[in-house]
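Asks:
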Amino acid sequence: MSEISKEKEQRRKQLALGLLFGLLFGFFLQKGGVGKYHVLIGQLLLEDFTVVKIMLTAILTGMIGAFWMVRKGWVELHIKPTRIAANSVGGLIFGAGFALSAYCPGTNAAALGQGNFDALLVAFGMIAGSYLYAEWNPGFKKGFFSRGDLGKVTIPEMMKVGRWPFIAVFAVLLAVILGVIDHFAVR
Amino acid sequence: MNDSLTVLLAQSANISSLDYPGPAWSPYLVGFLIGVLSWLTLLLSKDTLGASSSYAAISGALGKLFAKRHTLSLPYFKDNPPKVSWGLMLFIGIIPGAFIAAYTGNELTGRWLPAMWEARFGADSHGLRAVTAVSGGILMAIGARLAGGCTSGHGISGTLQLSVGSWIAAIGFFLGGIPVAMLLFRS
Numbered sequence: 329m330s331e332i333s334k335e336k337e338q339r340r341k342q343l344a345l346g347l348l349f350g351l352l353f354g355f356f357l358q359k360g361g362v363g364k365y366h367v368l369i370g371q372l373l374l375e376d377f378t379v380v381k382i383m384l385t386a387i388l389t390g391m392i393g394a395f396w397m398v399r400k401g402w403v404e405l406h407i408k409p410t411r412i413a414a415n416s417v418g419g420l421i422f423g424a425g426f427a428l429s430a431y432c433p434g435t436n437a438a439a440l441g442q443g444n445f446d447a448l449l450v451a452f453g454m455i456a457g458s459y460l461y462a463e464w465n466p467g468f469k470k471g472f473f474s475r476g477d478l479g480k481v482t483i484p485e486m487m488k489v490g491r492w493p494f495i496a497v498f499a500v501l502l503a504v505i506l507g508v509i510d511h512f513a514v515r
Numbered sequence: 002m003n004d005s006l007t008v009l010l011a012q013s014a015n016i017s018s019l020d021y022p023g024p025a026w027s028p029y030l031v032g033f034l035i036g037v038l039s040w041l042t043l044l045l046s047k048d049t050l051g052a053s054s055s056y057a058a059i060s061g062a063l064g065k066l067f068a069k070r071h072t073l074s075l076p077y078f079k080d081n082p083p084k085v086s087w088g089l090m091l092f093i094g095i096i097p098g099a100f101i102a103a104y105t106g107n108e109l110t111g112r113w114l115p116a117m118w119e120a121r122f123g124a125d126s127h128g129l130r131a132v133t134a135v136s137g138g139i140l141m142a143i144g145a146r147l148a149g150g151c152t153s154g155h156g157i158s159g160t161l162q163l164s165v166g167s168w169i170a171a172i173g174f175f176l177g178g179i180p181v182a183m184l185l186f187r188s
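Quick mapping for you: the protein sequence lines, in order, are chains H and C.
According to our numbering, the residues represented by the first sequence are 329 to 515, in order.
According to our numbering, the residues represented by the second sequence are 2 to 188, in order.
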C-alpha cells in the first residue's frame with residue numbers, strides 16, 4: 329500500500345472510531361438523564377444534582393486514567409491555553425445561554441436523539457452564534473481577551489506542586505464532595 | 002389580576018424538576034463510563050470529548066455554501082477550516098446513540114415543549130420556547146468560542162486534565178447559568 333492510501337485508510341479509521349465514540353457518548357448521556365430538560369434545568373435550580381454527579385465522577389475517573397497513561401508514555405495531554413479573561417467571560421455568557429436553552433452543546437444532541445424537538449432550535453442558534461462569533465473575531469493576541477494568558481498550564485504546575493501528590497489530594501477532595509452531595513441532595 | 006398570570010405566579014413556586022423522572026442509570030455509573038470513554042479517545046484517537054466546535058464547523062460549511070468568499074475570509078474559519086473531522090463524527094454519533102438509549106429505555110419523548118417547560122409557561126408557549134432556545138444557542142456558541150470549549154470540552158475533558166482555564170470556564174458555566182435559571186423558574 330502506498331503512503332497516501334495508508335494515510336487515507338488511517339483517516340477513515342479515525343472517522344469511524346469518532347462515530348463509534350459518539351454513539352457511546354450519546355448512549356451514556358441519555359442513560360444518565362442529561363438529555364432531559366428538567367434534569368439540566370434542575371441542576372441550575374440547585375434541585376437535581378445529576379449533572380454535577382456525572383461530571384465529577386467522570387473527572388475523577390478520567391483524571392486518574394489520563395495521567396497514568398501520560399506517565400506510561402502512551403498519551404500526551406490535550407489541553408487548551410488558559411486565558412483568564414476569555415475563559416471567565418466566555419464561561420459566564422455560555423452559562424446564561426445554557427440556562428435559556430437548558431441543553432448544552434453535547435446534551436443538545438442527546439436531547440434531539442431522544443425526541444426533544446426544541447433541541448433543533450438550540451442547534452440553529454448554536455450554528456448562527458458560531459457565525460456571529462466568526463464575524464466578531466475578538467482575537468486573543470491583544471485587547472481585553474488577551475488578559476491573563478498563561479498558555480497551556482495545569483493546576484499542579486501553576487501551584488508548583490508535584491503532579492501525583494496533587495492528583496492524590498484532589499481525588500480525595502472530589503470523592504468527599506461527591507459524598508456530601510449524595511448525602512444532602514434529593515437527586 | 003389576569004387569571005392566567007395568577008395561575009403562573011402560583012405555579013412558579015410549585016414546579017419542581019424533581020417531579021419529573023430522573024436518569025435511567027446511576028449518575029455515578031454514567032460518570033465512570035464517560036471517564037473510561039475519555040481514556041479511550043485519548044489512547045486510540047489522541048483527541049478528547051467535545052461538542053461545541055462541531056456547530057462552528059457546520060456553520061462554516063453552510064457559510065461556504067451561501068457566501069463562500071466572505072466565509073473563507075473570516076479569520077476564525079481560516080484558522081479552523083470547516084471539514085469532516087473526528088470531532089464532527091463524534092458529535093453526529095451522539096444523536097443515534099441517545100436515540101438507541103431512549104428507545105431501549107422507553108424514554109422517547111417526541112415533543113416540541115419539554116414537560117416541565119409546559120407546566121411553567123403553558124401549552125401554547127411555542128413562541129417563547131423558540132426565543133429562549135435560539136437565543137440560548139447563540140449565547141452558548143459565542144461563550145464557548147470565547148472560552149475555548151463547552152461543558153464537554155472544558156467541563157469534562159479539560160477539567161479532568163486539570164487545565165486551569167477549563168476549571169475557570171466550567172465554574173463560569175454554573176455561575177452564569179444559575180441566576181438565569183432562577184429568573185426563568187423562580188421569579
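Idealized CB from N, CA, C, for every residue including glycine.
Say whether the segment 334-346 of chain H touches the segment 495-515 of chain H, bearing in mind that this needs 3 or more beta-carbon pairs closer than 8 Å, one atom from each stretch.
Replies: No: fewer than three Cβ pairs fall under 8 Å.
Asks: Under 8 Å Cβ to Cβ from L50 of chain C, same chain only, skipping five residues before and after it: list those, please.
Replies: What you label residue 50 of chain C is simply residue 49 of the second sequence in a count that begins at 1. Counting only Cβ-Cβ distances below 8 Å, and skipping sequence neighbours, we find I35, L38, S39, T42, L91, S153, G154, I157, S158.
Asks: What does G393 of chain H touch in chain C if you count any residue whose Cβ is under 8 Å from its own?
Replies: Your numbering for residue 393 of chain H matches position 65 in the first sequence. The contacting residues are G36, V37, S39, W40.
Asks: Sort C:A25, C:I16, C:S18, C:S46 by Cα distance to N107 of chain C and report the nearest one.
Replies: Start at 1 with the first residue of the second sequence, and residue 107 of chain C comes out as number 106. Considering only alpha carbons, the answer is C:A25.
Asks: Return the first residue and the last residue of the beta strand (DSSP E) that D477 of chain H is part of.
Replies: Here residue 477 of chain H corresponds to residue number 149 of the first sequence, with the count starting at 1. That run of the beta strand (DSSP E) goes 477-479.
Asks: Identify whether R121 of chain C lies in helix, strand or coil by the three-state DSSP scheme.
Replies: Against the second sequence, residue 121 of chain C aligns to sequence position 120. Residue state, collapsed to three classes: helix.
Asks: Give me the DSSP bridge partner(s) of T410 of chain H.
Replies: Looking up residue 410 of chain H in the first sequence gives position 82. Per DSSP, H:G479.
Asks: Mind checking who R112 of chain C pairs with in its DSSP beta bridge?
Replies: Stepping through the second sequence from its first residue, residue 112 of chain C is reached at position 111. In DSSP, R112 of chain C forms a bridge with H:N444.
Asks: Hey, how far is the Cα of P83 of chain C from the Cα of G434 of chain H?
Replies: As a first step, residue 83 of chain C must be located in the second sequence, where it is residue number 82. As a first step, residue 434 of chain H must be located in the first sequence, where it is residue number 106. Their backbone Cα atoms lie some 19 Å apart in a straight line.
Asks: Can a CB atom of chain C be found closer than 8 Å to the CB of W402 of chain H?
Replies: Position 74 of the first sequence, counting from 1, holds the residue named residue 402 of chain H. Yes, contact with chain C.
Asks: Establish whether the CB of G471 of chain H and some CB of chain C are separated by less than 8 Å.
Replies: Here residue 471 of chain H corresponds to residue number 143 of the first sequence, with the count starting at 1. Cβ-Cβ to chain C under 8 Å: no for G471 of chain H.
Asks: Just list the alpha helix (DSSP H) runs in the segment 362-443 of chain H, keeping only unbroken ones of 4 residues or longer that don't cross its boundaries, in chain order.
Replies: Counting whole runs of 4 or more residues, the segment 362-443 of chain H contains the alpha helix (DSSP H) stretches 365-372, 378-400, 412-429, 433-441.
Asks: Run through chain C and tell me which residues come within less than 8 Å of E463 of chain H, C-beta to C-beta.
Replies: In the first sequence, residue 463 of chain H corresponds to position 135, counting from 1. Within 8 Å Cβ-Cβ: L75.
Asks: DSSP puts S46 of chain C in a beta bridge; with which residues?
Replies: As a first step, residue 46 of chain C must be located in the second sequence, where it is residue number 45. Answer is none; S46 of chain C lacks a bridge partner.
Asks: Measuring CB to CB, does A413 of chain H end up less than 8 Å from G476 of chain H?
Replies: Within the first sequence, residue 413 of chain H is the residue found at index 85, counting from 1. Within the first sequence, residue 476 of chain H is the residue found at index 148, counting from 1. Contact: yes.
Asks: Could you check whether the Cβ of A102 of chain C sits closer than 8 Å to any Cβ belonging to chain H?
Replies: The residue given as residue 102 of chain C occupies position 101 in the second sequence. Yes - at least one Cβ of chain H is within 8 Å of the one on A102 of chain C.
Asks: Could you tell me whether the Cβ of R130 of chain C comes closer than 8 Å to any Cβ of chain H?
Replies: Indexing the second sequence from 1 puts residue 130 of chain C at position 129. Yes, contact with chain H.
Asks: I need the straight-line Cα distance from K400 of chain H to G123 of chain C, nearest angstrom please.
Replies: As a working note, residue 400 of chain H is residue 72 in the first sequence. As a working note, residue 123 of chain C is residue 122 in the second sequence. Distance between the alpha carbons of K400 of chain H and G123 of chain C: 56 Å.
Asks: Thinking C-alpha only, which one of H:L428, H:L460, H:A462, H:E463 is nearest D446 of chain H?
Replies: The residue given as residue 446 of chain H occupies position 118 in the first sequence. Residue H:L428 is the option with its Cα nearest to D446 of chain H.
Asks: Where does M2 of chain C sit, in a helix, a strand or coil, going by DSSP?
Replies: Position 1 of the second sequence, counting from 1, holds the residue named residue 2 of chain C. Reliability of the predicted coordinates at M2 of chain C is poor, the pLDDT of 46 falling under 50, and the value obtained from them is presented with this limitation in mind. Coil.
Asks: What residues of chain C sit near K381 of chain H, judged by a beta carbon separation below 8 Å?
Replies: Counting from one through the first sequence, the residue named residue 381 of chain H turns up at place 53. Near K381 of chain H (Cβ distances below 8 Å), the residues of chain C are P28, Y29, G32.
Asks: For a contact meaning CB atoms closer than 8 Å, what does E516 of chain H contact in chain C?
Replies: No information on residue 516 of chain H is available, as it lies outside the stretch 329 to 515 that chain H covers here.
Asks: Compute the Euclidean distance between the alpha carbons of D376 of chain H and A513 of chain H, then round it to the nearest angstrom.
Replies: Along the first sequence, read from residue 1 onward, the residue named residue 376 of chain H stands at position 48. Along the first sequence, read from residue 1 onward, the residue named residue 513 of chain H stands at position 185. Answer to the nearest angstrom: the Cα atoms are 7 Å apart.
Asks: Identify, in the order they occur along the chain, each residue of the same chain with its Cβ nearer than 7 Å to the Cβ of D20 of chain C, setting aside the five sequence neighbours on each side.
Replies: Locating residue 20 of chain C in the second sequence gives position 19, where the first residue counts as 1. Answer for D20 of chain C: no residue qualifies.
Asks: Hey, would you say I483 of chain H sits closer than 8 Å to F395 of chain H, going by beta carbons?
Replies: In the first sequence, residue 483 of chain H corresponds to position 155, counting from 1. In the first sequence, residue 395 of chain H corresponds to position 67, counting from 1. Not closer than 8 Å, so no.
Asks: Do you know whose CA, among H:G393, H:R411, H:M397, lies nearest G193 of chain C's CA?
Replies: Because residue 193 of chain C is not part of the residues shown, which for chain C are 2 to 188, the question remains open.
Asks: Measure the alpha-carbon distance for P115 of chain C versus L440 of chain H and round it to whole angstroms.
Replies: The residue you call residue 115 of chain C lines up with position 114 of the second sequence. The residue you call residue 440 of chain H lines up with position 112 of the first sequence. Approximately 12 Å between the Cα atoms of the pair.
Asks: So which residues of chain C does K359 of chain H contact, with C-beta pairs closer than 8 Å?
Replies: The residue given as residue 359 of chain H occupies position 31 in the first sequence. The answer, in chain order, is P24, A25, W26, V31, A102, G106.
Asks: Which word fits M2 of chain C, buried or exposed, when buried means at least 16 other C-beta atoms lie within 10 angstroms of its C-beta?
Replies: Taking the second sequence and counting its residues from 1, one reaches residue 2 of chain C at position 1. With a pLDDT of 46 at M2 of chain C, under the threshold of 50, the modelled position of this residue cannot be trusted; read the value that follows with caution. Exposed: under 16 other Cβ atoms inside 10 Å.
Asks: Using DSSP with H/G/I as helix, E/B as strand and the rest coil, what is S167 of chain C?
Replies: Along the second sequence, read from residue 1 onward, the residue named residue 167 of chain C stands at position 166. Residue state, collapsed to three classes: helix.
Asks: Just checking: is the beta-carbon of G425 of chain H within a distance shorter than 8 Å of some beta-carbon in chain C?
Replies: On the first sequence, position 97 is the one that residue 425 of chain H refers to. Yes, because at least one Cβ of chain C sits closer than 8 Å to the Cβ of G425 of chain H.
Asks: Which residues of chain C have a Cβ atom closer than 8 Å to the Cβ of A515 of chain H, listed in chain order?
Replies: Here residue 515 of chain H corresponds to residue number 187 of the first sequence, with the count starting at 1. Checking the displayed sequence, the identity of residue 515 of chain H turns out to be Arg instead of Ala. Result: L19, G23.
Asks: Which residues, in chain order, does the segment 438-450 of chain H contribute to contact with chain C at a C-beta distance below 7 Å?
Replies: Answer set for the segment 438-450 of chain H: A438, L440, G441, Q442, G443, N444, F445, D446, L449, V450.
Asks: Just to confirm my understanding: we take S18 of chain C, look at its own chain, exclude 5 residues before and 5 after, and list those with CB closer than 7 Å. What are they?
Replies: On the second sequence, residue 18 of chain C is found 17 positions in, with the first residue counted as 1. M117, listed in sequence order.
Asks: My output table needs one value for A513 of chain H: the three-state DSSP class, helix, strand or coil.
Replies: The residue labelled residue 513 of chain H in the question sits at position 185 within the first sequence. Reduced to three states, the DSSP call for A513 of chain H is coil.
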